[in-house]
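S.K.: Before we start, here is the structure in question, set down as structure tokens.
In the numbering used here, the protein residues as written are 102 to 485.
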């Protein structure tokens with residue numbers, strides 16, 4: 102049975118639900134292959150969390166007998182890992198370390214069926230990643246120079262770069278970024294504009310408490326800094342022939358949806374798009390003037406600004422006023438998911454959700470509870 106044994110795959114998936122297995126795996130892998138340790142940053146919390154999320158999602162897709170999307174995801178992950186200096190032999194030690202860690206972690210639950218499912222699934226995971234990396238002829242990374250850094254709120258920045266060579270990506274995708282202030286540390290960022298043939302690219306970054314890279318980007322980035330970007334990931338998309346669209350953006354989760362909207366603006370006819378853009382305070386709805394301008398020229402786009410609090414804090418006076426001219430939907434106050442779901446489940450729409458992990462999970466659950474079919478809802482598996 103192996104990859105068709107959903108019960109065995111479910112056991113393997115659930116092993117990644119907690120931190121214990123991933124801690125054990127990295128310890129085992131570094132002991133098995135000491136050269137691997139130098140590929141990672143000194144602190145591994147973010148790396149462990151991202152790896153656990155990715156593995157949980159991949160195994161969840163295999164449980165549902167959906168192979169196409171995880172295979173495409175793994176292939177892109179393999180191409181992307183070239184930027185770290187990962188070599189073909191590293192995939193062999195990764196597979197051995199992960200297999201041994203799973204066996205130890207599962208204990209008595211490690212049956213012959215689980216053993217067979219683990220062997221085939223790990224061969225699939227490492228085989229797809231290593232094969233895609235070896236076959237890829239494109240660049241392992243793109244370098245670029247920061248040309249503009251705008252502090253648009255207390256913990257929000259808009260950063261624009263000029264890449265040495267243009268990067269081809271689809272609107273809605275994301276890349277891994279390395280900044281000079283944080284050696285060997287990478288962070289997923291979503292371009293906020295469609296691919297530019299002249300090499301321009303824009304990111305919206307919110308400072309995450311305890312996040313070294315996001316803190317450096319918001320507080321320390323200056324024009325002239327040299328960044329390195331990985332190849333693009335993700336499959337958020339709008340089917341222009343697939344019916345009307347609901348977009349829900351929490352804070353800088355706006356970036357990939359903004360890129361999709363700007364791309365749609367190239368066409369004369371589009372499905373109706375309703376965007377809910379949420380933040381804690383009105384002053385943190387940093388891109389409302391741009392959204393107003395796009396909506397004023399494209400009648401298929403409607404924008405609903407949402408903030409949790411009615412009044413801005415005193416520090417808002419230190420940053421640009423983001424109040425748009427008249428023309429947008431009326432500003433609403435409350436939790437973003439509550440405002441969205443008070444209009445129903447939006448079950449007849451293509452639904453795209455972008456934001457922090459907690460926001461994505463809560464909004465998705467609330468929409469499903471209101472009747473939205475799960476298969477209509479898109480979000481990135483890693484919830485950057």
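Ideal placement from N, C-alpha and C gives every residue a C-beta, glycine not left out.
Per DSSP, which one or two residues make a beta bridge with residue 292?
M.R.: On the chain shown, residue 292 is found 191 positions in, with the first residue counted as 1. 304.
S.K.: Determine the direct distance from the alpha carbon of residue 148 to that of residue 126, and round the result to whole angstroms.
M.R.: Against the chain shown, residue 126 aligns to sequence position 25. Against the chain shown, residue 148 aligns to sequence position 47. Approximately 12 angstroms between the Cα atoms of the pair.
S.K.: For the candidate residues 352, 261 and 195, whose alpha-carbon lies nearest to that of residue 379?
M.R.: Working through the chain shown from its first residue, we reach residue 379 at position 278. Per the Cα distances, 352.
S.K.: At 4 residues or longer, what runs of the alpha helix (DSSP H) sit wholly inside the segment 121 to 164?
M.R.: 121 to 133 and 146 to 164
S.K.: Do you know how far the Cα of residue 209 is from the Cα of residue 485?
M.R.: As a working mapping, residue 485 is identified with position 384 in the chain shown. As a working mapping, residue 209 is identified with position 108 in the chain shown. Only weak support exists for where residue 485 lies, its pLDDT of 38 falling under 50; the coordinates are left without a value.
S.K.: Out of 173, 232, 409 and 250, which one is the CA nearest neighbour of residue 335?
M.R.: Position 234 of the chain shown, counting from 1, holds the residue named residue 335. Nearest option by C-alpha distance: 173.
S.K.: Considering only DSSP beta bridges, list what residue 403 is partnered with.
M.R.: On the chain shown, position 302 is the one that residue 403 refers to. Residue 403 pairs with 375.
S.K.: Determine the DSSP secondary structure at residue 484, reduced to helix, strand or coil.
M.R.: Numbered from its first residue, the chain shown carries residue 484 at position 383. Bear in mind that the predicted position of residue 484 carries a pLDDT of just 46, short of 50, making it too unreliable to give a figure here.
S.K.: With three or more beta-carbon pairs closer than 8 angstroms as the criterion, would you say the segment 195 to 211 touches the segment 107 to 124?
M.R.: yes
S.K.: In three-state DSSP terms, what is residue 188?
M.R.: Locating residue 188 in the chain shown gives position 87, counting from the first residue. Taken through DSSP and simplified to helix, strand or coil, residue 188 comes out as coil.
S.K.: Following the continuous alpha helix (DSSP H) through residue 249, name the residue where it begins and the one where it ends.
M.R.: For this step, residue 249 is matched to residue 148 along the chain shown. For residue 249, no alpha helix (DSSP H) segment is defined; the enclosing uninterrupted segment is the beta strand (DSSP E) at 243 to 254.
S.K.: Return the residue from the list 404, 413 and 190 that minimises the CA-CA distance to residue 381.
M.R.: Here residue 381 refers to the residue found at position 280 of the chain shown. Ranking 404, 413 and 190 by Cα distance to residue 381 puts 413 first.
S.K.: Tell whether a beta-carbon distance below 8 angstroms holds between residue 123 and residue 152.
M.R.: The sequence position of residue 123 within the chain shown is 22, counting from 1. The sequence position of residue 152 within the chain shown is 51, counting from 1. Yes, the pair counts as a contact, with Cβ atoms nearer than the cut-off.
S.K.: Taking residue 157 as the reference, give the member of 397, 293, 474 and 120 with the closest Cα.
M.R.: The count along the chain shown starts at 1 and reaches residue 157 at position 56. Checked all of 397, 293, 474 and 120; the closest Cα to residue 157 is 120.
S.K.: Could you tell me the distance, in whole angstroms, from the CA atom of residue 109 to the CA atom of residue 374?
M.R.: Within the chain shown, numbered from 1, the residue matching residue 109 stands at position 8. Within the chain shown, numbered from 1, the residue matching residue 374 stands at position 273. Our two residues, residue 109 and residue 374, have alpha carbons roughly 41 angstroms apart in a direct line.
S.K.: Report the rounded CA-to-CA distance for residue 213 versus residue 117, giving the unit in angstroms.
M.R.: Here the question's residue 213 lines up with position 112 in the chain shown. Here the question's residue 117 lines up with position 16 in the chain shown. The straight-line gap separating the alpha-carbon atoms of residue 213 and residue 117 is approximately 20 angstroms.
S.K.: Could you give the distance in angstroms between the alpha-carbon of residue 366 and the alpha-carbon of residue 291?
M.R.: Residue mapping note: residue 366 aligns to position 265 of the chain shown, counting from 1. Residue mapping note: residue 291 aligns to position 190 of the chain shown, counting from 1. Going by the C-alpha atoms only, they are around 19 angstroms apart.
S.K.: Just to confirm the assignment: which complete alpha helix (DSSP H) runs, minimum length 4, are found wholly within the segment 302 to 373?
M.R.: 313 to 320 and 355 to 365
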